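A.B. asks: Residue numbers (this note's numbering), protein chains in the order written: chain A, 1 to 166; chain B, 167 to 947.
Beta carbons are placed, not taken as given, at the ideal position from N, Cα and C, and that holds for glycine.
Keep in mind that this is a model prediction, so the values were computed, not measured.
Quick one: structure below, then a few questions.
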């Protein structure tokens, strides 16, 4: 099958690959770049588990072909924290509030919530529910996740006040 | 001398009982978890299945040459290649049950449900394997399928399994004259039939396997998404013929299971057989469509139940007739859970006489498998019958429950089926839930809102008693832990559990750190790997807190005893005078006479000359714990709803749980388990529904059709605890399944209560807009 060269920036690093046209961004990240933190749970854009940031927007990487993301800036769960092994405010909030159990949907939620809070730094309760409604979680009953979004808004505010990066 | 007599642990309770943050989280929050699809091995091949597109039929053509010729395809395997040489695929607990469905690796000659695996294409990549599947020519001559348990049991119904003489998978009955006498003496007899519909656990991570064959050594190492690695190893060993000690099963991070990953299923067996046969490493990851149509389905029960009462509303006896659809190849029990529905039906109530019949039937549908509370139909039928009875005899359902719920003063209480309840609190949870949701106030508000505005508000209660960690059912009642102190003093705990979201790496470490009087970060828990853990029965059945924690406690006690013997020898003190405080073993009352835990560990391994000649070197222990025949947890769920009569949409207004899971190890994790279970129950009652058409084709094959709830559908869940210690060293009870068991009937009863305002009735789930509108239309609304 005909292959294409792609070049994109992933978590701040320039990455290149050669892919079939049918290769999704999710498969490219996982299989070509070894970034297995992005998970596939439905592969048709419903569950949100594979969400990554593409040029700052939350995008379902199972619905985007790798060739479509040529030249883009991509951030995955591996790059969402301040430094390798460190937790950012959204990640810390998920830990504090028990916003994850099996952890499979978690990467997509952390990325989605990060993008959501970038746009809505002080969401009201109904905005939080709206913001979460594109991600499925089968373990938590969403209680810890909703609490984590509330907590993340506080942590981000504190972090901004302290002059740190969000 | 027992360990407890030697040294008390001053730090006990420093961690147990605390909402300690989870050790699992940092890796899972940074994308550093290792789920089965994250495992890659050099030279690894990929597999995809060709599946039946017909519910029942004869295979007239299966042509694989074109697929085999595709560039990149390594092998195409069918029943002719794999089935003859395969050993038993039956799970250990039913290995010798003659009533089993005739399991088989790949469909052979005929097909028995849509989605049944027919061939396996192995290729250089998953994409090529799927291309290869498209080139396999599969022709099936359809026959008439049986799609419901009723149809399956009709005289002359086509057989699902030609190896069997009927479609009756299971039949049990306990018919006692006491019930007939109770019924004859009763003032009221209320009989109802309730149905629960087809659902599926559908964990966010689908199933999968990476089967690594090593022909030179004969080893077969399988990475799985599994709740139960040791059982998977046994099945793979029997199926492939590779001896048990040469099979290794590893399940590192597991993305949910809810029962679906407790017993090994056929696809994993087929891939293991294929890897063993061709001597290569093969990965197969189930996709969501496969998961929804062919993994396991659950529920699909119909229960006719009857209750006999005296004039005061006191229950004299009950009768249950349970029929369940077991699908074509039920996973984990010959039929399903039908017998448990009958036996456990009395639940939290004083029901002195009971008769029951339970049947399960094979059908040409996806196999039935365990799903969080596999026999929950006992709670659904009983709790819905209580509400129906209350309406029938003109008594409030809370009052009817109060009259019949087993009180503290009646314990221990033995049910007609011989189960003895000791430390349960159904009456207390009933009152706590009723109070918390404001039951009486809601009743007034409901009446006022209906009279003034025609609003349809409803309130529902649901009580249950759940038997957890059945000690009498080998191997389900036993767990074994190894507690190994390293020369540095850090501790490795290994357990045969299969945590898949429950946070056992955290909770078991809490237990061990408390028992050894050391810091939590000095303890690591390894599980999910047959090569690192003693034999264990996996995680499922609301058991790990009971058997896992108490096994950890037992092994820790031995380690503590040995550590104190070493310390006593080094300090020339008597072991009985020692205590462990903050990482030191010291003489009670003389804090200056102390020795560091780390020094004891070092001496045990590296300075053994300091030990007495007869003292044991090293510092580790392996101990087992076997639970009593059953440990009972209980809860009451209360829920209020509003029905929109124009759209039929049910909105949950409030949701309250009052539960007793005994002594909690980590309340945060307990609440998480309950909330997750409640969400699944709400999903099941209102939204989730696996649908087949009349020919047995599944219509709900994506998450656009099979609707698991989002954050928008799940209300805030208010959880209250009553902690009554169970009869085990830690006082724990199970909590994994309860949320899911209690919730469907609470939601159903609330909807039925609202509909009763206009005289409408429901007896079936789900209660989606269509069903609610139909119920309203039936009474002219």
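1) In chain B, which residues lie with their C-beta within 7 Å of the C-beta of residue 49/A?
2) Residue 491/B and residue 315/B: beta carbons closer than 8 Å?
3) Exposed or buried, what is residue 680/B when buried is set at 16 or more other beta-carbons lying within 10 Å of its beta-carbon?
4) At which residues does the alpha helix (DSSP H) containing residue 92/A begin and terminate?
5) Output needed for residue 123/A: all residues of its chain with C-beta closer than 8 Å, excluding positions within five of it in sequence on either side, in chain order.
6) Determine the contact status of residue 813/B and residue 895/B, defining contact as a CB-CB distance below 8 Å.
7) Below 8 Å, can you find three or more Cβ-Cβ pairs linking the region 885 to 899 of chain B to the region 819 to 839 of chain B?
8) Do residue 289/B and residue 211/B count as a contact pair if the criterion is CB distance below 8 Å?
9) What residues in its chain sit with their C-beta under 8 Å from that of residue 831/B, if we drop five residues either side in the sequence?
10) Determine the chain B residues that contact residue 141/A at a beta-carbon separation under 7 Å, and present them in chain order.
11) So what does DSSP say about residue 290/B, is it helix, strand or coil?
12) Under 8 Å: do the region 508 to 525 of chain B and the region 394 to 406 of chain B share three or more Cβ pairs, one atom per stretch?
13) Can you give the Cα-Cα distance for residue 422/B and residue 484/B, rounded to whole angstroms?
14) By Cβ distance below 6 Å, which residues in the same chain neighbour residue 445/B in space, the five residues on each side in sequence not counted?
15) So residue 672/B is in the alpha helix (DSSP H); what residue range does that whole segment cover?
16) Cβ of residue 43/A less than 8 Å from any chain B Cβ?
17) Since residue 537/B and residue 425/B are thought to touch, with beta carbons under 8 Å apart, how far apart are those beta carbons, to the nearest angstrom?
18) I'd like the list of long-range same chain contacts for residue 276/B, defined as Cβ closer than 7 Å, with 5 residues on each side in sequence excluded.
19) Can you grab the Cα-Cα spacing for the pair residue 911/B / residue 558/B, in whole Å?
20) Establish whether the CB of residue 419/B and some CB of chain A are separated by less than 8 Å.
21) Name the residue from 387/B, 717/B, 428/B whose alpha carbon lies nearest to the alpha carbon of residue 207/B.
22) Under 8 Å between the Cβ atoms of residue 441/B and residue 254/B?
23) Using a Cβ-Cβ cut-off of 8 Å, state whether residue 98/A counts as contacting chain B.
24) List the residues of chain A that residue 194/B touches, going by C-beta distances under 7 Å, in chain order.
25) Do residue 807/B and residue 926/B have their CB atoms nearer than 8 Å?
26) So, with DSSP's three-state summary, where would you put residue 424/B?
27) Enumerated in chain order, which unbroken segments of the alpha helix (DSSP H) with a length of 4 residues or greater are wholly contained in the region 337 to 371 of chain B?
28) What is the rounded straight-line gap between the Cα of residue 732/B and the Cα of residue 193/B?
29) Based on Cα-Cα distance, which residue from 391/B, 385/B, 427/B lies nearest to residue 407/B?
30) Can you check whether the CB of residue 252/B is closer than 8 Å to the CB of residue 271/B?
31) Between residue 69/A and chain B, is the shortest Cβ-Cβ distance under 8 Å, so that the two count as touching?
32) Would you identify the three-state DSSP class for residue 570/B, choosing helix, strand or coil?
33) Could you tell me whether any Cβ in chain B is nearer than 8 Å to the Cβ of residue 12/A?
34) Rank 798/B, 860/B, 245/B by C-alpha distance to the C-alpha of residue 903/B and give the top, closest one.
35) Taking all protein chains shown into account, decide if residue 623/B is buried (16 or more other Cβ within 10 angstroms of its Cβ) or exposed.
36) Quick check: is the beta carbon of residue 121/A nearer than 8 Å to any beta carbon in chain B?
C.D. replies: So, from the listed chains and residues:
1) 370, listed in chain order.
2) At a Cβ-Cβ threshold of 8 Å, residue 491/B and residue 315/B count as neighbours.
3) If you draw a 10 Å sphere on the C-beta of residue 680/B, you find 16 or more other C-beta atoms in it, and that means buried.
4) Looking at the DSSP string, the run of the alpha helix (DSSP H) that includes residue 92/A is 89 to 96.
5) 116, 117, 131, 149, 153.
6) No.
7) Taking one beta carbon from each stretch, the region 885 to 899 of chain B and the region 819 to 839 of chain B have 3 or more pairs nearer than 8 Å; the two touch.
8) Against a cut-off of 8 Å, the Cβ pair of residue 289/B and residue 211/B comes out as a contact.
9) Within the same chain, Cβ atoms closer than 8 Å to the Cβ of residue 831/B are found at 182, 183, 673, 676, 677, 711, 715, 896, 898, the five residues on either side in sequence being excluded.
10) By Cβ distance, chain B contributes 841, 842, 844, 845, 880, 883.
11) Of the three classes helix, strand and coil, the one that applies to residue 290/B here is coil, per DSSP.
12) Touching, no.
13) Their backbone Cα atoms lie some 37 Å apart in a straight line.
14) The residues are 379, 381.
15) Start and end: 670 to 682.
16) Cβ-Cβ to chain B under 8 Å: yes for residue 43/A.
17) 5 Å between Cβ atoms; contact.
18) Excluding the 5 residues flanking it on each side, residue 276/B has same chain C-beta neighbours closer than 7 Å at 223, 224, 225, in chain order.
19) Distance between the alpha carbons of residue 911/B and residue 558/B: 18 Å.
20) Closer than 8 Å: yes.
21) With respect to the C-alpha of residue 207/B, the residue from 387/B, 717/B, 428/B having the closest C-alpha is 387/B.
22) Contact flag unset, no.
23) Between residue 98/A and chain B, the shortest Cβ-Cβ separation is below 8 Å.
24) Per Cβ cutoff of 7 Å: 100, 103, 106.
25) Result no, Cβ atoms of residue 807/B and residue 926/B do not sit closer than 8 Å.
26) Here residue 424/B sits in coil by DSSP.
27) The alpha helix (DSSP H) runs of length 4 or more contained entirely in the region 337 to 371 of chain B are, from start to end of the chain, 343 to 351.
28) Answer to the nearest angstrom: the Cα atoms are 37 Å apart.
29) Check the Cα spacing between residue 407/B and each of 391/B, 385/B, 427/B: the tightest is with 385/B.
30) Residue 271/B places its beta carbon less than 8 Å from that of residue 252/B.
31) Taking a beta-carbon distance threshold of 8 Å, residue 69/A does not count as an interface residue toward chain B.
32) Helix, per DSSP.
33) With 8 Å as the cut-off, residue 12/A does not count as an interface residue toward chain B.
34) Nearest C-alpha to residue 903/B among 798/B, 860/B, 245/B: 798/B.
35) Residue 623/B counts as buried, since no fewer than 16 other beta carbons sit within 10 angstroms of its beta carbon.
36) It does not: the Cβ of residue 121/A has no partner Cβ on chain B nearer than 8 Å.
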